[in-house]
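**Q** To start, I am sharing the structure in question, which I have written as structure tokens.
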Amino acid sequence: MADPSSEVKVETNPEQQNPQSNQDSNHGPPKTFQNRGDRGGGRGAGRFGNRGGGRGGGGNRFQGGAPDKNMHMKQEGNFGGPRKRGPPGGPNGGGPNEGGERRDNRGNYNDKSPAEKFMDRMSSLSGPTFEIPPVNAAEKKFNGRNRLYIGNIGNEVTEDDINDLFKQFGETAEIFMNKEKNFAFIKLDYHSNAEKAKRDLDGHVLKSRNLKIRFAPNSASIKIKNLNPQVSNELLHYSFGVFGEIEKSLVCVDERGKPTGEGIIDYARKGSALAAIRKCQESCFFLTGSLRPCIVEAYDIVDDNDGFPDKNINKKNPEYLKEREVGPRFAVQGSFEHEYGTRWKQLHDLYSQKEQALQKELEMEKEKLEAQMEYAKYEHETELLREQLRAREMDRDRQKREWEMKERQAEEQRQRNEEQMRRQQEEMESRMMLKEEEMRRRQQENTLFMQAHNLDSMLDQEEQQYDQPNNYNSNSEMGGGVMVLIKTITGFVT
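In full-length UniProt numbering, the protein residues as written are 1 to 494.
Here you go:
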């Protein structure tokens, strides 16, 4: 049995999710009610309590598990109120912490919003889809189609009674009871076990009440229309897997095995189905190169092969007595019955003719739209090619201008280099000429210096000989040589 906190959750939730839950339980299960129990264990003290409960415990989402040892704050009786936040990196790390920063379940920073994560998943789908891994066709345990509705239960029936009644057919999970409305829900492991339980327990007496067993409506299923003939089960599963976990996906085919352009997907959670419907309605979602968007709508699965047995009719109803007093028969030609029976048949024939005409008109409009789409696509691709050609021509002109500019710059640089080399050569020649003149001048100066030095030496010798009278003749000869040398130097200088 659930704890008191879970009972409060159970009693308040059905009226919020199912506005039509006030109807009698004998009229079938509520259509909009969904038991979104946690797969794999409790999630704490419920949706409005603190999420400190352990995820490994049994039970559904309305029944909390063991409290976390690291919990620094405790939620007590705060049903419907705001959820208290733990410290940064604590048990509430999955949501905003006290500082208003987003962290993941390990306390790390995570700045990506759900929209950004969805766009990341969508970007991973881009590219060819020639090789798609096969989809595991094995039935998943406790999927949405294995959920049964149990009507007309008594107030004294407990969850243990329901579990003991159904466990003979297989494993059970996610038992939900509403004693005020006298109905319950339960999930079985496989669909075959759920069918067997429905077939054997429908009308079973439990504590003086005849149970009414039906398959519960699965609001996590969607129907996809306007599919391209090249869309397969694998491509459908691969494309719509970005919205959430998929339990089953298939493309509908006719008696010849050709696709009818429709598909069905069963999600594990209702939020994934709602997200797929909203996204595909707000934008155009294409699965192939064809510009045929997917049309997505909610899908109510009718998984009931029992039909309407005679035991379900209220035999005390006056309408029942009035209609059943006459048995099956054929109308007599020209009679009153034949006339109005013919009118009914004509009305249905008119409906069939209009339906066929509308279907033909729809097919013609589809073919017309396909032709327009192909022509517009061809024109669009042609215009893109023109734009690419113009861009290439502009790029070619730009490259040509850049090449000419580089050529001019190279020519100017070459001319500057030649002019610089010519100037350097002229400067070098002028420097060499100056050096040669300087060397010639220095050689002349050295020659004159040596001659002057020799002259000075000869004059000194002449002075010394002049002082000696005996050597007059030799001095005269030497003096004559000196005069000759002086004349030679004078002539050289001049």
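Every residue, glycine too, gets a C-beta built ideally from N, C-alpha and C. Note that this is a predicted model, so its numbers are computed, not measured.
Hey, out of G244, L291 and E427, whose CA is closest to E374's CA?
**A** Residue L291 is the option with its Cα nearest to E374.
**Q** Mark I313 as exposed unless 16 or more other C-beta atoms lie within 10 angstroms of its C-beta, in which case mark it buried.
**A** The residue is exposed, with fewer than 16 neighbouring Cβ atoms inside 10 Å.
**Q** Under a three-way DSSP split, which group does F285 fall into?
**A** DSSP places F285 in coil when its eight states are reduced to three.
**Q** Name the DSSP beta bridge partners of D266, please?
**A** S221 and K248.
**Q** If distances are taken between C-alpha atoms only, which option among D300, E282 and H191 comes closest to C294?
**A** Comparing Cα-Cα distances from C294 to each of D300, E282 and H191, the minimum goes to E282.
**Q** CA-CA distance, F243 and A194?
**A** Between F243 and A194, the C-alpha separation is close to 28 Å.
**Q** Whether or not the stretch 133-145 and the stretch 227-234 are in contact is what I'm after, with contact meaning three or more pairs of Cβ atoms, one per stretch, closer than 8 Å; do they touch?
**A** Yes: at least three Cβ pairs fall under 8 Å.
**Q** So, is L247 buried or exposed, given that buried needs 16 or more other C-beta atoms within 10 angstroms?
**A** Position check: residue 247 holds Glu in this sequence, whereas Leu was assumed. Under this definition E247 is a buried residue.
**Q** Just verifying my parser: in three-state terms, what is the DSSP assignment at T260?
**A** Strand at T260.
**Q** Can you check whether the CB of I224 is closer than 9 Å to the CB of E262?
**A** Contact: yes.
**Q** Please look up how many angstroms separate the CB atoms of L227 and V205, rounded, as I've assumed it's under 8 Å.
**A** Actually they do not touch by this definition, with Cβ atoms about 47 Å apart.
**Q** Quick one: grab the DSSP three-state call for Y378.
**A** Y378: helix per DSSP, three-state reduction.
**Q** State whether the stretch 139-152 contacts the stretch 184-203, with contact taken as three or more CB pairs (one from each stretch) at a distance under 8 Å.
**A** Result yes; three or more Cβ-Cβ pairs closer than 8 Å.
**Q** Cα separation between P96 and N182?
**A** Low per-residue confidence applies at P96: pLDDT is 40, beneath 50, and the placement is therefore not dependable, though the value from the model is reported in the following sentence. So the alpha carbons of these two residues sit roughly 40 Å apart.
**Q** Does the Cβ of T172 have 16 or more other Cβ atoms within 10 Å, making it buried, or fewer, making it exposed?
**A** The residue in question, T172, is buried, as its Cβ has 16 or more Cβ neighbours within 10 Å.
**Q** Just the C-alpha distance for C284 and F169, rounded to the nearest angstrom, thanks.
**A** For C284 and F169, the distance between alpha carbons rounds to 44 Å.
**Q** Less than 7 Å between C-beta atoms, sequence neighbours within five positions excluded: which residues of the same chain meet that for A216?
**A** Correct list, in chain order: P29, R147, L148, Y149 and F185.
**Q** Please go through the stretch 113-175 and give each complete beta strand (DSSP E) segment of 3 or more residues, from N-terminal end onward.
**A** Listed in chain order, they are 147-151.
**Q** Checking 9 Å against the spacing of the C-beta atoms, do S219 and K279 come in under that value?
**A** In this structure, K279 does not lie closer than 9 Å to S219 by Cβ.
**Q** For K198 versus I175, is the C-beta distance shorter than 9 Å?
**A** Their beta carbons are not under 9 Å apart, which means K198 does not touch I175 by this criterion.
**Q** Distance, Cα to Cα, L358 vs E325?
**A** Approximately 40 Å between the Cα atoms of the pair.
**Q** Express the C-alpha separation of T447 and Q468 in angstroms, rounding to a whole number.
**A** C-alpha separation (whole angstroms): 32 Å.
**Q** Take E337 and list the residues in its own chain whose beta-carbon comes closer than 8 Å to its own, dropping the five residues that flank it on each side.
**A** Closer than 8 Å at the Cβ level, and outside the excluded window around E337, lie A331.
**Q** Quick check on the DSSP output: the beta strand (DSSP E) that includes E323 runs from which residue to which?
**A** Not the beta strand (DSSP E): E323 falls in the alpha helix (DSSP H), residues P318 to R324.
**Q** Roughly how many angstroms lie between the CA atoms of S126 and E402, to the nearest whole one?
**A** About 38 Å.
**Q** Name the residue from E255, R431 and V296 whose alpha carbon lies nearest to the alpha carbon of A273.
**A** Among E255, R431 and V296, the Cα nearest to that of A273 belongs to V296.
**Q** Please report the distance separating the alpha-carbon of D300 from that of K345.
**A** The straight-line gap from Cα to Cα measures roughly 30 Å.
**Q** Using the three-state DSSP reduction, which class does K212 fall into: helix, strand or coil?
**A** Strand, per DSSP.
**Q** At the level of alpha carbons, what is the spacing between E277 and E245?
**A** Just to set this straight, residue 277 is Ile in the shown sequence, not Glu. Roughly 15 Å between the two C-alpha positions.
**Q** Going by other Cβ atoms of all chains shown within 10 Å of its Cβ, with 16 needed for buried, is D266 buried or exposed?
**A** With 16 or more other Cβ atoms within 10 Å, it is buried.
**Q** In this structure, does DSSP put E255 in helix, strand or coil?
**A** Of the three classes helix, strand and coil, the one that applies to E255 here is coil, per DSSP.
**Q** Would you mind reading off the limits of the beta strand (DSSP E) that contains E180?
**A** Segment: none, E180 is in no beta strand (DSSP E) and carries neither H nor E.
**Q** Using only the alpha-carbon positions, how far apart do R414 and E427 sit?
**A** Taking the straight line from one Cα to the other gives about 20 Å.
**Q** Under a three-way DSSP split, which group does I277 fall into?
**A** I277 falls in the helix class under three-state DSSP.
**Q** Just list the residues that DSSP pairs K315 with in beta bridges.
**A** BP columns for K315 are empty, so no partner.
**Q** Tell me which residue opens and which closes the beta strand (DSSP E) that A298 is part of.
**A** Note, A298: beta strand (DSSP E), I295 to A298.
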